[in-house]
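These notes are about the structure you will find just below.
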Amino acid sequence: MFQTVPSTTLRNNLADVLGEIAKKRKYLLVTKKGKPVSALVNLDFFEDLLALTSSKYLKGIKKAREEYKKGEFYTHEEVFGKL
């Protein structure tokens, strides 16, 4: 189940709620009169969402998977050497 926060609680405790999102949670659903109306997300999660909606990012993943299937990849050692 999703973690929710009523809009009145958010309004009265904004700093605490933002701190919780930044440190403990990826997101919280904000409710008004018991119904979800919006979401607050931490920055890392938001950046992931943006990347997943980027056509350039998705094309890069598709290309990488195709190259991998063809055997066109580098081993860890080839990339980083012996650390």
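Counting from 1482, one number per residue, gives the positions in the sequence shown under the numbering used here.
Every residue, glycine too, gets a C-beta built ideally from N, C-alpha and C.
- When beta bridges are read from the DSSP output, T1512 appears opposite P1487, P1517.
- Between the alpha carbons of M1482 and K1505 lies a gap of roughly 16 Å.
- Judged by pairs of C-beta atoms under 8 Å, the region 1520-1537 touches the region 1492-1502, as three or more such pairs exist.
- Annotation: P1517 to L1564 spans about 49 Å, alpha carbon to alpha carbon.
- Per the C-alpha coordinates, the member of V1498, L1521, R1546 positioned closest to Y1508 is L1521.
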